[in-house]
Amino acid sequence: MASSSFRIERSEAKKRVLDLEKIVKDFERLLCERTERTKQSIDQLSMDCESKCLKVWQEFDAFIEEARLKAEELCDEMRRKTSEQQSKWRLSLQKKEDLLKEAGMWRNSLRHLLGTGNDDENVVCVLQSVGAKLSSQLHESFAPVEEGYLAVTFPEWCHQSLNQLKEEMVDFTVETSRNLELQTECSLQYLNLNIFSIVGSDEDGHVFVVDGDDGSIKEFAESGEVVDRYPFGDKGEKFFPSGICRLSEDILIICGPLCCPQVRPSPFSTRRR
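To convert, count from 1 in the sequence shown and add 72; that's the working numbering.
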């Protein structure tokens with residue numbers, strides 16, 4: 073009796089060893105997978121870092137080149153406008169200098185009239201001539217003097233860009249990658265099941281199947297047994313379900329053709345559990 077009990081205990085111990093060995097093998101396999109994926113993550117992170125750095129420098133070089141071209145364009149535009157305005161003012165200045173020389177001649181003519189021996193008629197003629205010329209030039213020659221200022225927004229834009237540049241940062245995010253894992257398994261215990269569509273319930277684990285063999289909806293428990301059946305077709309109408317989805321906790325949406333001699337086919341139907 074003791075020998076028989078010992079054999080049973082030994083057999084159970086051997087079974088436990090085999091089970092534990094399988095668990096250890098699975099543990100080693102998963103650990104190796106995680107180790108390999110961690111190595112891949114390390115290498116991938118390095119490559120991603122270098123790629124992002126290269127992208128930053130490429131964008132920076134492109135930005136510098138665009139800013140340099142824009143600065144050259146603005147400077148050329150400022151020089152052009154400055155040259156045009158200076159030419160206009162130089163022409164006005166030349167006219168004023170010529171007029172200044174002419175005013176000196178007028179003054180000499182008037183001073184000459186103060187001398188003795190001048191004919192009265194000549195005096196009157198000279199006075200009228202000088203007065204007319206002076207009157208025509210008096211308003212134009214003393215117009216307000218123009219001043220020019222260049223308004224350039226580029227330095228302000230550079231200042232704003234630098235302020236915004238100070239706010240740039242690197243956001244590092246760590247994500248956990250997961251492989252698809254089987255959570256539950258349900259073996260449907262039904263012969264000749266022609267599955268057109270299938271949907272599951274998160275509450276009770278039941279599965280609803282559109283059976284194309286008889287055009288019904290079958291409800292299976294988590295154990296795989298049929299717990300209910302929903303046939304379609306009465307009063308001469310025949311609805312052929314083909315697809316199913318869950319709208320809410322107890323409402324299923326079923327689509328398919330509705331065939332009836334007097335009713336126009338409709339592709340949709342609803343069913344409450």
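Each residue gets a CB set at the ideal place from its N, CA and C atoms; glycine is no exception.
Please determine, among the options, the residue with the shortest C-alpha to C-alpha distance to residue i.
i: Q209; options: V242, R183, D170; result: D170
i: L263; options: G328, R318, G296, S159; result: G296
i: S273; options: W178, E145, V89, L324; result: L324
i: G203; options: N266, T248, S181, Y302; result: S181
i: M177; options: K205, M150, L163; result: K205
i: F292; options: R106, R301, F312; result: R301
i: A139; options: E294, W229, D276; result: W229
i: D276; options: E294, C121, K124, S77; result: E294
i: F311; options: V298, K124, P329; result: P329
i: Y221; options: M150, N235, E100; result: M150
i: P216; options: C121, Q130, S164, E93; result: S164
Where do the N-terminal and C-terminal ends of the beta strand (DSSP E) with residue i fall, by residue?
i: L237; result: Looking at the DSSP string, L237 is not in any beta strand (DSSP E); the run it does join, the alpha helix (DSSP H), is 226-238.
i: A285; result: For the sequence presented, residue 285 should be read as Asp rather than Ala. First-last for D285: undefined, no H or E at that position.
i: V242; result: Counting along the chain, V242 falls outside any beta strand (DSSP E), and DSSP gives it neither H nor E.
i: G315; result: 315-318
i: L324; result: 323-327
i: G272; result: 267-272
Throw me the rounded Cβ distance for the residue i and residue j pair, which I believe falls under 8 angstroms.
i: S314; j: V282; result: 6 angstroms
i: V271; j: C327; result: No, V271 and C327 are not in contact; Cβ-Cβ is about 12 angstroms, not under 8 angstroms.
i: F29; j: G284; result: There is no way to answer for residue 29, as the model of the chain reaches only from 73 to 345.
i: L146; j: V246; result: The pair is not a contact, with the Cβ atoms about 45 angstroms apart (cut-off 8 angstroms).
Give me whichever residues DSSP pairs with residue i in a beta bridge.
i: K290; result: V281, R301
Shorter than 9 angstroms from the beta carbon of residue i to some beta carbon of chain D?
i: M177; result: Looking for chain D here will not work: only one protein chain is present.
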